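Residue numbers (our numbering), protein chains in the order written: chain A, 12 to 231; chain B, 63 to 142.
Backbone N, C-alpha and C define an ideal beta-carbon position, used for all residues, glycine too.
Treat the numbers as computed from the prediction; the structure is a model and nothing was measured.
What follows is a set of notes on a single structure, which appears directly below.
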Amino acid sequence: MLRSAVIVFPGSNRDRDMVAALTKITGTAPAVVWHQDTDLPDVDLVVLPGGFSYGDYLRSGAIAARSPVMTAVREKAAQGVKVLGVCNGFQILTEAGLLPGALMRNAGLKFVCREVKLKVANAGTAFTGAYMQGQILRCPVAHHDGNYFADAETLARIEGEGQVAFRYAEGTNPNGSLNDIAGIVNAAGNVLGMMPHPENLIEALHGGTDGRGIFESLAA
Amino acid sequence: MKARVTVTLKTGVLDPQGKAIEGALGGLGFSGVLGARQGKIIDLDLAETDRAKAEADIRAMCEKLLANTVIENYSVEIKG
């Protein structure tokens, strides 16, 4: 049984989708934790959901990354607890220094809300084990600041260490991300950040179930 | 004490907003614009009266929050 917690920041808006996905796939409702809380329950997975925490003021995810709860998230991550950040959650994880690089304004300057194709770049992570290496997934994206950037040295390191979990496939890079990067894990492999929204493609009514694999990998 | 923090994107970091500004200026007939980079200014009003201490404080603020040093540089100007 996967015990999880979803953090809610002011301006989070995919938190309920994430709660629904976790509840349906893991069979257990996650704890919902307000960002001002300083303690996290004993869980196997902490999720930072999508949205526009603090209205994207200063930089996307910048203020949320300094919220009181992030000290506890950092401690959990250091203990090896899995941490998943989706969209704004990915931005928060980079701002918090839990993942390398930064997410910048989309190269086309437009907010992009559509379905893309994702290629599983590393099926050996704790988050991607239910997929096949190189598998192509459908997944929705909805963001304005998803343009992954890292300096050349960092980029070479994460590529060399297999830290790129997902790439935009077949010319579907919606934001100009370097190396078509859509999602990365940290060096220890227990923190994943990704811009696409797997929680929005988990049942037939969504039009597909390609996003389930991430949650199934974690629950396995 | 008043101070101004200027945050700019590092050289080599793509600045789509700067590119759009550059394009718009070209569209208005300003043909001599060779580049445009967009940054931020944050004006601070501090209780601290010691100039050196204020600057040290602001640099700590920049490192911790005001700038993302992965992609941005910052400069601090104490206005007195």
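Cα-Cα separation, residue i to residue j
| i | j | result |
| --- | --- | --- |
| A/Ser-78 | A/His-46 | 6 Å |
| A/Ala-83 | A/Asp-50 | 6 Å |
| B/Ala-109 | B/Lys-64 | 9 Å |
| A/Leu-203 | B/Ser-93 | 45 Å |
| A/Ser-64 | A/Glu-210 | 18 Å |
| A/Leu-5 | B/Asp-112 | No answer is possible for residue 5 of chain A: it lies beyond the span of chain A, which begins at 12 and ends at 231. |
| A/Tyr-159 | B/Gly-89 | 29 Å |
| A/Asp-67 | B/Glu-125 | 19 Å |
| A/Gln-146 | B/Tyr-136 | 42 Å |
| A/Lys-128 | A/Glu-181 | 7 Å |
| A/Asn-117 | B/Ala-116 | 36 Å |
| B/Ile-120 | A/Ala-75 | 20 Å |
| A/Ile-213 | A/Ala-198 | 28 Å |
| A/Ala-42 | A/Asp-48 | 12 Å |
| B/Glu-139 | A/Val-196 | 38 Å |
Exposure of residue i, with buried meaning 16 or more beta-carbon neighbours within 10 Å
| i | result |
| --- | --- |
| B/Leu-96 | exposed |
| A/Arg-223 | buried |
| A/Thr-105 | buried |
| A/Ala-163 | exposed |
| A/Gly-179 | One detail in the question is off: residue 179 of chain A reads as Tyr in this sequence, not Gly. A/Tyr-179 comes out buried. |
| A/Arg-125 | exposed |
| A/Phe-122 | exposed |
| A/Gln-232 | Nothing can be reported for residue 232 of chain A, as the shown portion of chain A is limited to 12 through 231. |
| B/Asp-107 | exposed |
| A/Leu-216 | exposed |
| A/Pro-111 | buried |
| A/Gln-102 | buried |
| A/Asp-156 | buried |
| A/Pro-207 | buried |
| A/Ala-53 | Checking the sequence shown, residue 53 of chain A turns out to be Asp, not Ala. Exposed. |
| A/Gln-90 | exposed |
Endpoints, the beta strand (DSSP E) within which residue i is located
| i | result |
| --- | --- |
| A/Met-115 | 113-115 |
| A/Asn-211 | Segment: none, A/Asn-211 is in no beta strand (DSSP E) and carries neither H nor E. |
| A/Gly-100 | Where A/Gly-100 is concerned, there is no enclosing beta strand (DSSP E), although the alpha helix (DSSP H) it sits in stretches over 99-106. |
| B/Ile-104 | 102-107 |
| A/Val-175 | 175-179 |
Beta bridge counterpart(s) of residue i as assigned by DSSP
| i | result |
| --- | --- |
| B/Asn-135 | B/Thr-70 |
| A/Glu-126 | A/Pro-151 |
| A/Ala-42 | A/Ala-16 |
Neighbour flag for residue i against chain A, beta carbons, 8 Å
| i | result |
| --- | --- |
| B/Ala-82 | yes |
| B/Leu-76 | yes |
| B/Leu-127 | yes |
| B/Val-132 | yes |
Chain B contact for residue i (CB, 8 Å cutoff)
| i | result |
| --- | --- |
| A/Gly-187 | yes |
| A/Gly-112 | yes |
| A/Glu-181 | no |
| A/Ala-75 | no |
| A/Glu-164 | no |
| A/Arg-70 | yes |
| A/Asn-117 | yes |
| A/Leu-120 | yes |
| A/Phe-160 | yes |
Enclosing alpha helix (DSSP H) for residue i [first to last residue]
| i | result |
| --- | --- |
| A/Lys-121 | Note, A/Lys-121: premise wrong, no alpha helix (DSSP H); not H, not E. |
| B/Asp-119 | 113-123 |
| A/Leu-33 | 26-37 |
| A/Met-206 | It is not in any alpha helix (DSSP H) - A/Met-206 carries neither H nor E in the DSSP assignment. |
| A/Gly-233 | As displayed, chain A neither begins before 12 nor continues past 231, which places residue 233 of chain A out of reach and without an answer. |
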